[in-house]
Amino acid sequence: MAVERAALERAAGRERLLGTFGALGGALAIALVLGSVLILLYGESPLSVYASILDASFGSTTGLGYVLASATPLIFSGLAVAVCFKAGLFNIGVEGQYLVGMVGAAFAALYLPQDLPGFLLVPAILIAAMLGGLAWAAIPALLKVKTGAHEVVTTIMLNGVAGSLVAWAINFPLRFVPPPGQNVDLRSRNFPTQGLVGDLGQYIGVSGGAHLSWLLLLAVAAAGVTWFLLRRTRLGYEARAVGATPGSARAAGIRIDSTQVRLFLISGALAGLAGMQQILADKGYLPQNYIAQVGFTGISVAFLGQNNPIAIVFAAILWGILSRGETALQITSSVPREFIIILQSILILSVVITYLIAKRRLAARELSRAAEVERDAEAAA
Amino acid sequence: MFTDIAVALQISFTYFTIFYLTGTGGLFSERSGIVNIGLEGLMIIGTVTGAFGARYFTDTMGLGEIWGPLLGLLLGALCAMLFAGIHALATVTFRTDHIVSGVVINLAAIGVARYLSQAFFGQATQSDPGGPRLPRIDIPFLSSLPEGLGRAFSNLSPFVLLAAVAIVPVWFALYRTRWGLRLRSCGENPEAARSLGLNVSAYRYQGVLLSGFFAGASGAFLASEIIGNWREGQTLGFGFISLAALIIANWNPRRLLFFAWLFGFAQAIPLRLNDAPIISLLPAQFIRMIPYVVTIVAIAGVVGKVRPPAAAGKAYEGGTTI
């Protein structure tokens, strides 16, 4: 009997996994078909357009390096969104937390003793980034549990505030004043070189221009840790319970408020790391024209990965491939690069719906399986 | 000083129009039971299609400086309404989580807007500045107030007045017609509404589509009447501020009138009152935070004292609410 149940559990697990990939595959198929229609409207061949997109990523190691480098921040921001989402919280503020994380890191890089060795300085900067993101996430978290203010509205407003905070930081305390006669864009001073993150690409034949860094490995490790946190710890269990049925979670003695605050803080800390690729691997300073939307793209990536930390790594890479395709389109076809954004939008819209359908079918299957087990048990008795 | 306040007031009326129109859109959707945080995305669709419409009807079709901008605004409203159909399809038909769908609407709108912009204007992130707009009007009597105060009521877009007057039909439709009563009952208790033979899904579709219409009109107003062209990112979170105004107004159109204006005034502070006492002590970047901070404080201060439509945000599957 026990053996049978274990086998059934395994079967259910397999089906869940199949459902996840089925939903993702289905959504990808819908997006590619609708995308083909758009491409045909431009009088081009869908196959050759898709081939050129893939070629930009997989045609060379450096292409792949670019994809992985652009996936790095998205893994962090996708994880940040997913951690909150598991508990039914919508952290739309990853964008702001990522900005404040960059400000925190820049302060650490410029105000810590400049002769600290790299193995101390880099971790210190990363911790400052996490603390920045965490502090920014603490505001909506506390407002939510203390006043009930919905996190969607508060986090969006805090994104706006964070933008001004970056502007203030690079205008005043961190401002780089160029030597006379030299004209540079508004930005922070240069970070000490030993505070930057080393290049990873050189070991696998990726050109330095791709800025593929050790942060990729940190991001993958963060995905592993997040997976462990959500699947194998008490907090993860509580998060899933709160996200699924708050009523039963409360009845089971889970303190919803404290669970939500802790998850929000973890989410903020992850979000804080999303800007590090940009300032520690690419620029070496905090620029004024930082890449916006890293936090918002994290929402897309989390949806694509269906909030599964491991799947998010792949979703971020898929996103990186599509973004890399933008450059390819400009060179090889008359389809405008905005086509990629449309493709990404369709992908997100369809994944939400296909996943829902898969989930419903799974639930129905599981119900019928449970009924079968019960019937068998009755028959045995 | 008086002139500054008057000009700040004039700016506040303009922003009031944005928040009031979008908030009214949210009102119809949420009162029917569908939470709509996609208002921002719907506004974005309104900005790009509205800016295109104003140019197309005025310059290409040559319909003149009244009909051109008017039809442009209508086009923005209708396109956003079409886009809102996705939210209706996802939430009403496929019963997706309302917040998830709303987030997706906002994300997708950015891409769609760029794509449309490329098609309309040949560039992805803006249109040429100085697009056609309606002639400005002065409000009789008020615009001739002494001490420069009259400036608050002069040189306004006619849409400002139109939005302010819109409260009457909106209120009437929601509270004095059979349709309004039924729409609201779908948001409060869909089971009861269904047991009376109402088609809950149909009312919810109407609510969501209306939210697209109003948010789109608001976006078109922003692009064509205020800025004069389409620019990526010009909505600046106004859809969310409108949503906050709606919540603080307790989903009531009359209170929304006041809070939309209040948030509009907060927007005017960094634009015009940055030399006022106390405020002038702050760096410019901090003054720019004021509207956002006001929204956060306001929303944190009222929650618990307001009550959303009882069934808003809950998926409804023809008989059972899950």
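Listed in order, the protein sequences are those of chains L and W.
In terms of this note's numbering, the first sequence opens at residue 1 and continues consecutively.
In terms of this note's numbering, the second sequence opens at residue 1 and continues consecutively.
Glycine included, every Cβ here is placed at the ideal spot set by N, Cα and C.
Buried or exposed by the 16-neighbour rule on C-beta atoms within 10 Å, applied to residue i
i, result
"MET9 (chain L)", "Here residue 9 (chain L) turns out to be Glu, not Met, going by the sequence shown. Exposed, since its Cβ has fewer than 16 Cβ neighbours within 10 Å."
"TYR292 (chain W)", "buried"
"GLY25 (chain L)", "exposed"
"TRP227 (chain L)", "buried"
"ARG231 (chain L)", "exposed"
"GLY319 (chain W)", "Low per-residue confidence applies at GLY319 (chain W): pLDDT is 41, beneath 50, and the placement is therefore not dependable enough to give any value."
"MET43 (chain W)", "buried"
"LEU209 (chain W)", "buried"
"MET61 (chain W)", "exposed"
"ILE322 (chain W)", "The predicted position of ILE322 (chain W) is uncertain, since its pLDDT is 35 and thus under 50; no value can be drawn from it."
"ILE66 (chain W)", "exposed"
"LEU18 (chain L)", "exposed"
"SER248 (chain L)", "exposed"
"TRP230 (chain W)", "buried"
"GLN330 (chain L)", "exposed"
DSSP bridge partner residues for residue i (one or two, in chain order)
i, result
"ARG254 (chain W)", "For ARG254 (chain W), which the question treats as bridged, DSSP gives no partner whatsoever."
"LEU156 (chain W)", "W:ILE137"
"GLN118 (chain W)", "DSSP lists no partner for GLN118 (chain W)."
"ASP199 (chain L)", "L:SER213"
"PRO287 (chain L)", "L:ARG187"
"ARG175 (chain L)", "L:SER188"
"GLN397 (chain W)", "Because chain W here runs from 1 to 322, residue 397 (chain W) falls outside it and cannot be looked at."
CB of residue i within 7 Å of CB of residue j, strictly
i, j, result
"LEU200 (chain L)", "LEU212 (chain L)", "yes"
"GLN118 (chain W)", "GLU338 (chain L)", "yes"
"LEU174 (chain L)", "LEU110 (chain L)", "yes"
"PHE172 (chain L)", "ARG187 (chain L)", "no"
"PHE2 (chain W)", "LEU149 (chain W)", "yes"
"ARG89 (chain L)", "GLN260 (chain L)", "For clarity, residue 89 (chain L) is Leu in the given sequence; the question names Arg instead. Contact flag set, yes."
"ALA137 (chain L)", "ILE299 (chain W)", "no"
"VAL35 (chain W)", "ALA312 (chain W)", "yes"
"GLY93 (chain L)", "PRO46 (chain L)", "no"
"VAL200 (chain W)", "CYS186 (chain W)", "yes"
"ALA167 (chain L)", "GLN285 (chain W)", "yes"
"ALA71 (chain L)", "ILE317 (chain L)", "yes"
"PHE296 (chain L)", "ILE348 (chain L)", "no"
"LEU196 (chain W)", "SER300 (chain L)", "no"
"ALA6 (chain W)", "ARG272 (chain W)", "no"
"ALA215 (chain W)", "GLY50 (chain W)", "no"
"VAL225 (chain L)", "PRO73 (chain L)", "no"
"LEU273 (chain L)", "LEU68 (chain L)", "no"
"MET102 (chain L)", "ILE279 (chain L)", "yes"
"ASN252 (chain W)", "VAL306 (chain W)", "no"
"THR96 (chain W)", "LEU356 (chain L)", "yes"
"THR354 (chain L)", "ALA210 (chain L)", "no"
"GLY131 (chain W)", "ALA54 (chain W)", "yes"
Bounding residues of the alpha helix (DSSP H) (the contiguous stretch that carries residue i)
i, result
"ASN171 (chain L)", "151-171"
"LYS146 (chain L)", "118-147"
"TRP179 (chain W)", "178-188"
"GLN260 (chain L)", "256-273"
"LEU349 (chain L)", "338-380"
"ILE44 (chain W)", "39-55"
"TRP230 (chain W)", "From DSSP, TRP230 (chain W) is part of no alpha helix (DSSP H); its letter is neither H nor E."
"PHE76 (chain L)", "61-86"
"ALA251 (chain L)", "246-251"
"SER211 (chain W)", "200-220"
"GLY148 (chain W)", "Run containing GLY148 (chain W): none; DSSP gives neither H nor E here."
"VAL49 (chain L)", "46-58"
"ASP59 (chain W)", "From DSSP, ASP59 (chain W) is part of no alpha helix (DSSP H); its letter is neither H nor E."
"GLY93 (chain L)", "From DSSP, GLY93 (chain L) is part of no alpha helix (DSSP H); its letter is neither H nor E."
"THR14 (chain W)", "2-31"
"ARG324 (chain L)", "309-332"
"SER300 (chain L)", "294-304"
"CYS94 (chain W)", "Before going further, note that residue 94 (chain W) is Phe rather than Cys in the sequence given. Neither: PHE94 (chain W) is in no alpha helix (DSSP H) and is coded neither H nor E."
"ILE296 (chain W)", "290-302"
"ALA284 (chain W)", "284-287"
Anticipated Cβ contact below 8 Å, residue i with residue j, distance rounded
i, j, result
"MET289 (chain W)", "SER323 (chain L)", "The pair is not a contact, with the Cβ atoms about 31 Å apart (cut-off 8 Å)."
"THR17 (chain W)", "PHE221 (chain W)", "6 Å"
"SER143 (chain W)", "PHE153 (chain W)", "4 Å"
"TYR203 (chain W)", "SER32 (chain W)", "5 Å"
"SER101 (chain W)", "VAL206 (chain L)", "At roughly 39 Å, the Cβ-Cβ gap does not stay under 8 Å, so SER101 (chain W) and VAL206 (chain L) are not in contact."
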